[in-house]
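**Student:** Take the sequence shown: its letter number 127 is residue 620 in the numbering used here, and every next letter is one higher. C-beta: ideal position from N, C-alpha, C; glycine also. This one's a predicted model, so the numbers in the text were calculated from it and none came from an experiment. Once you've had a glance at the structure underneath, I'll fire off some questions.
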Amino acid sequence: MNETGIKQINLNDVPQLTECMKYFDGEIGFADDIRSVETLVNAFKVNFVAMIFCTSGNLSMNVNSQRFDITANDGMLIDMQSVVSDITYDSEMSCKIICISLDGGITFMTKSVFEAFLRIKQNPVVHFSSDEMELMSRYYELARFKITHPDVGSNGKEPMHSILRAYVLDMIANLTSHFGEYRNVTMMRQGDKIFHNFIMLLAKSNGTQRSVKDYADELCVSPKYLTSICRKHEGKTASELIALNTIGHIKQMLLYSSLTIKEIALQLGFENLSFFGKYVKKHLGHSPNNYRKINGYGK
């Protein structure tokens, strides 16, 4: 418990909390129901991003003390650090849920994705057209097919992550058509603007810049202030977000590139191979070579 009466839920907790999870790899989860969540805790804070697509019936919940109702063809974003409570639904309700853990890295967080998330946070419920909802449903069903037919085509996490990446791009395009592009960065509060610019710098660095002070200097703030802003927005320190960004790139390069360990270390700006090995062992629990082996490099 981090707050009185409010349970913190990480994505790793979700498979134990519900029977509706159809796929989970520690970073991405797919589910097709929400009925068992509220039987376990009255209110909970999510440490992951969840996107809910209602395909029929009605679903209601409180998110950060505000009531939201969604019905068929509605989509809803539940952002990290949101407090969810009082989930209700009717007998006709059906939905599809995609959860993304920030602990898997933030390499998917491009400028367009982040700015769309800023806009969605202000208007978390979107009514999609039938064609838009069908597209979202087809991505979900494609992912489900890959889950239930692991021997068809390639296996491993790469195909699932490719489906997710394509889904995010199409979701952003659909949302942009409803809201228009998010350009009003200058009208954001100072802390929001700094966090926005920090995430943009992280995305631009491609995992090569790891000093909180360097980022803070570039943003003209102190490292302490930058960390406090990061804690407010994502519940993590600036150092933790930097590490997540770097590890996300390391995992992609270890599993999906033909670069040698030394080449990866050099490309990411590590001063020597020994330091790179210690960094990977600290964050992934294995040496770079062992991480490749146990996760099926090249599959």
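When you compare each of Asn667, Met586, Glu634 to aspartate 624 by their alpha carbons, which one comes out closest?
**Tutor:** If we check each option's Cα against that of aspartate 624, Asn667 comes out closest.
**Student:** Residue range of the beta strand (DSSP E) that glycine 522 falls in?
**Tutor:** 521–524
**Student:** In three-state terms, what does DSSP make of aspartate 567?
**Tutor:** Secondary structure of aspartate 567 (DSSP, three-state): strand.
**Student:** If you drop the 5 nearest sequence neighbours on each side, which residues of the same chain put their C-beta closer than 8 Å to that of isoleucine 787?
**Tutor:** His779
**Student:** By how many angstroms is the C-alpha of lysine 589 removed from the C-alpha of serine 630?
**Tutor:** Answer to the nearest angstrom: the Cα atoms are 8 Å apart.
**Student:** In the DSSP assignment, find the unbroken alpha helix (DSSP H) run with histidine 779 in it and report its ends.
**Tutor:** It is not in any alpha helix (DSSP H) - histidine 779 carries neither H nor E in the DSSP assignment.
**Student:** Enumerated in chain order, which unbroken segments of the alpha helix (DSSP H) with a length of 4 residues or greater are wholly contained in the stretch 654–736?
**Tutor:** 683–698, 705–712, 716–727
**Student:** For valine 576, which option in Lys500, Arg703, Asn690 has the closest C-alpha, if you only look at C-alpha atoms?
**Tutor:** Lys500
**Student:** Tell me whether the beta-carbon of aspartate 583 lies closer than 8 Å to the beta-carbon of methionine 554.
**Tutor:** No, they are not a contact pair.
**Student:** Give every residue of the same chain whose Cβ lies closer than 8 Å to the Cβ of isoleucine 656, excluding the five residues on either side of it in the sequence, and list them in chain order.
**Tutor:** Apart from the 5 residues on each side of it in sequence, isoleucine 656 sits with its Cβ closer than 8 Å to the Cβ of Tyr632, Leu635, Ala636, Lys639 in its chain, given in chain order.
**Student:** Below 8 Å on the Cβ atoms is my contact criterion, and I expect phenylalanine 688 with isoleucine 722 to pass it. Report the Cβ-Cβ distance as a whole number of Å.
**Tutor:** 5 Å
**Student:** Out of Pro643, Val619, Asn551, Thr730, point me to the one whose CA is closest to methionine 544's CA.
**Tutor:** Val619
**Student:** Going by C-alpha to C-alpha distance, which of Gly550, Leu504, Asp567, Tyr708 sits closest to phenylalanine 537?
**Tutor:** Leu504
**Student:** Can you tell me whether serine 751 is helix, strand or coil according to DSSP?
**Tutor:** Looking at serine 751 - three-state DSSP - the assignment turns out to be coil, as it is neither helix nor strand.
**Student:** Three or more C-beta pairs under 8 Å: does that hold for the stretch 709–719 against the stretch 748–763?
**Tutor:** Cβ pair count under 8 Å is below three, so no.
**Student:** So valine 507 and phenylalanine 517 are supposed to be a Cβ contact under 8 Å. How far apart are they, rounded?
**Tutor:** The C-beta separation of valine 507 from phenylalanine 517 comes to about 7 Å, placing the pair in contact by the 8 Å criterion.
**Student:** So the candidates are Val705, Met746, Leu748; which of them puts its Cα closest to the Cα of alanine 731?
**Tutor:** Val705
**Student:** Which of helix, strand or coil does DSSP assign to phenylalanine 763?
**Tutor:** coil
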